[in-house]
Amino acid sequence: MGLCKTQILRCLPFQRLTRGGRLFYDGCYLRYDDYMFFNESLDAEDKTVCGVNDFGGNQSLFKANVAQLVRNMSVEAPKTDGFFKGFVNRGNLTVYGLAQCWEFVNGTSCEKCLKDSVSRIGSCPPKDEGRVLNAGCYLRYSTKKFYDNSSTTAPSGNGGGSRRVAIILAATFSAVAFLLILAFISFFAKKRVMKQKREKKQLGALLQTVNKSRLNISYETLERATDYFNNANKLGQGGSGSVYKGVLPNGQAVAVKRLFFNTTQWVDHFFNEVNLISGIQHKNLVQLLGCSITGPESLLVYEYVPNGSLHDHIFVKKNVQPLSWEDRYKIILGTAEGLAFLHEESKLRIIHRDIKLSNILVDESFTPKIADFGLARLFPEDKTHISTAIAGTLGYMAPEYVVRGKLTEKADVYSFGVLVIEVICGKRNNNAVSQNSFSVLQKAWKLYGTGKLGEAVEASLQGNFIIEEASRLLQIGLLCVQASAELRPSMSVVVKMLNNQHEIAQPTQPPFLNCSSSDISPLNRSGTPYFQSDSYTQSSGNDMTDSFIEAR
């Protein structure tokens, strides 16, 4: 069989990429074709191959021995699982032979094929060797012994032998599959128990933290503040819960996020929001004001941001004020400052992991505020990166994070770069583009190559912006979405670039643009753990979504 494997590629049919080909060797038969040839026993390509040399002895006796041998084998082979080998010795003249039907040929077709082979091979004597190479069988005689002395039967697809083999294989695979299933069940059961213990521990820590802090707000107070979660006060809904506008007893307007208690990720999400960012304050971060964990569901309370999300202003454009060029510049700069604070200036080094337009809220003066820290991760000072399960929104996720789960602050930089290009171009970065269309990154990169970046700016802004300034911002966006994380600037450097305090380098090509030349292809198919759509039943300034992994 090893010889078959090495010789098959040298066979002319295979070299010439023809529609079909066959290879016969002692001990193996290989065939390919462009149609289903199983159960085919005869066809026009069947061949008879006779030896070169004539038998040197009694040719009449030789012919008689050959005829008897091939006739006997053609009768016996269908009875013995399609395989028979033997010899005839008369008058001190021995002739050896072998008859075999292929496994995919049934019993009736095997008999038919061998009967045809007997009639064909009769033309070979007095040659000392003869073979018939049929579509469904193989018949051979020779004056030399060409087979070993093992059992005269072999597996075939037409008799009890193959059924016995099939039964043995089925039993073996069933046993292995059963053991694997048991192992998986045991593994996941243990993992679930460990997760429940971790969640219980986190919940206990949360209870202590909340009960001892100013964050604790009673469930009843928040019920009354939202008019018992009246739909008239509903601002929007994300993956982990609904958001309602409420008014506290002191008259302060707030946004109350009502978490779905039955989601498996709620503990991690809640722990992140309360334990991670409760003590962090910055003008470009949505402030967490409080929470409730003792009622029938968990509640998070944020400052109320009345002017909608960036997603509303750029894509939805319904019941919102259009964004001027100055507003867009201010939002981009403020978002960069908020991320720089999280990465480098806060007491905790934090990676947001879900920077996108719907997680950037804007107040009355269009000051941006980064929201939804449910996926945020602490970044230890002594680490260059952390490995974690993939979470975020497709289209905003950095390639090294999507492919290898390698998380650094440069993942946020990549997401910010996508956001910058979307805000300026007014279009989504849609990975699922057709062959005849371009994503927003492709369009920006193409125009950068031709020196016409200004043409990428949203049409509604034409005549109301400085082309050089728009080109500079788009170039910064392209720097942030470079395929290599090491080449992306830090957010503090991005802030300096936006303030004209740092030179802007020449960007390299973003990922996901050319699937044939890139070693990282677009991730717009299944295989990732959780998917949600980047859409909302209602749109608002406090629509803080929980996006474990979202498809765009």
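Numbering (the UniProt record's numbering) for the sequence shown: 1 to 552. The beta-carbon is built from N, C-alpha and C at its ideal position, and this holds for glycine as well.
Item to complete: Kindly indicate which residue of Leu93, Asn72, Gly91 has the alpha-carbon position closest to the one of Lys85.
Response: Answer by Cα proximity: Asn72.
Worksheet item: Sorted by chain position, which residues of the same chain lie with C-beta nearer than 7 Å to Ser109's C-beta, five sequence neighbours on each side aside?
Response: Asn39, Ser41, Gly136
Discussion item. Considering only the alpha carbon of each residue, which of Asn500, Phe62, Leu114 lies closest to Glu76?
Written reply: Selection Asn500, Phe62, Leu114 evaluated against Glu76 yields Leu114 as nearest (Cα-Cα).
Practice prompt. Taking 8 Å as the cut-off, decide whether the C-beta atoms of Tyr219 and Ala255 are in contact.
Written response: No, they are not a contact pair.
Discussion item. According to DSSP, is Phe83 part of a helix, a strand, or is it coil?
Written reply: DSSP places Phe83 in strand when its eight states are reduced to three.
Discussion item. Using 8 Å as the threshold, is the C-beta distance between Lys257 and Leu300 below it?
Written reply: yes
Item to complete: Kindly list the residues whose CB is nearer than 7 Å to the CB of Tyr244, restricted to its own chain and excluding five residues on each side of it in sequence; keep chain order.
Response: Thr226, Phe229, Asn233, Lys234, Leu235, Val256, Arg258
Discussion item. Three Cβ pairs or more, each shorter than 8 Å: is that satisfied between the stretch 315 to 327 and the stretch 282 to 289?
Written reply: no
Worksheet entry | Limits of the unbroken beta strand (DSSP E) element including Ile370 | 368 to 370
Worksheet item: Closest by CA to Asn92, which one among Gly107, Phe104, Asn65?
Response: Among Gly107, Phe104, Asn65, the Cα nearest to that of Asn92 belongs to Asn65.
Discussion item. Do Asp327 and Phe366 have their beta-carbon atoms positioned less than 8 Å apart in this structure?
Written reply: yes
Worksheet item: Straight-line CA distance for Glu458 to Lys190?
Response: If you take the alpha carbons of Glu458 and Lys190, they lie about 53 Å apart.
Worksheet item: When we look at the beta-carbon of Ala444 and count the other beta-carbons within 10 Å, is it buried (16 or more) or exposed?
Response: buried
Practice prompt. Could you have a look at Gln506 and say whether DSSP puts it in helix, strand or coil?
Written response: coil
Discussion item. Let me make sure I understand the geometry here. Which of Leu285, Val305, Val274 has the alpha-carbon closest to that of Ser298?
Written reply: Relative to the Cα of Ser298, the nearest Cα in the group Leu285, Val305, Val274 belongs to Val274.
Worksheet item: Going by alpha carbons, who is nearest to Phe341 out of Gln100, Val413, Ser439?
Response: Selected option, being the one with the closest Cα: Val413.
Fill in: CA nearest to the CA of Glu409, picked from Gly463, Lys452, Val494
Val494
Practice prompt. Tell me, please, which residues DSSP counts as bridged to Lys283.
Written response: Bridge partners of Lys283: none, in fact.
Worksheet item: Skipping 5 residues on each side, what residues in its chain have a beta carbon closer than 6 Å to that of Asn53?
Response: Asp128
Worksheet item: Alpha carbon to alpha carbon, how far is Gly130 from Ala170?
Response: Approximately 39 Å between the Cα atoms of the pair.
Worksheet item: From Leu139, Phe62, Ile467, pick the residue whose C-alpha is nearest to that of Gly82; which is it?
Response: Among Leu139, Phe62, Ile467, the Cα nearest to that of Gly82 is on Leu139.
Worksheet item: Which stretch, first to last residue, makes up the alpha helix (DSSP H) that contains Cys124?
Response: Looking at the DSSP string, Cys124 is not in any alpha helix (DSSP H), and its letter there is neither H nor E.
Fill in: Where Asp227 falls: helix, strand or coil (DSSP)
coil
Worksheet item: Under a Cβ-count criterion, where at least 16 other Cβ atoms within 10 Å of its own Cβ denotes burial, should Asn429 be classed as buried or exposed?
Response: buried
Worksheet item: Looking at Val440 and Glu422, is the spacing between their C-beta atoms short of 8 Å?
Response: yes
Practice prompt. Classify Phe465 as buried or exposed, calling it buried when 16 or more other Cβ atoms lie within 10 Å of its own Cβ.
Written response: buried
Practice prompt. Tell me Val362's beta-bridge partners as DSSP assigns them.
Written response: Pro368
Discussion item. If you follow the beta strand (DSSP E) that Thr94 is in, where does it begin and where does it stop?
Written reply: In this chain, the beta strand (DSSP E) harbouring Thr94 covers 93 to 101.
Practice prompt. Could you tell me if Glu400 is buried or exposed, where buried requires 16 or more neighbouring beta carbons within 10 angstroms of its beta carbon?
Written response: buried
Worksheet entry | Cβ neighbour criterion (16 or more within 10 Å) applied to Asp372 | buried
Worksheet item: For Leu69 versus Tyr147, is the C-beta spacing smaller than 8 Å?
Response: no
Fill in: Short Cβ contact (8 Å threshold) for Leu407 with Ile355
no
Practice prompt. Just tell me which of Glu364, Leu357, Lys369 has its CA closest to the CA of Asn307.
Written response: Comparing C-alpha distances from Asn307 to each of Glu364, Leu357, Lys369 shows the shortest one belongs to Glu364.
Practice prompt. State the start and end residues of the unbroken alpha helix (DSSP H) segment that holds Lys63.
Written response: 59 to 76
Worksheet item: What is the DSSP secondary structure of Gly241, counted as helix, strand or coil?
Response: strand
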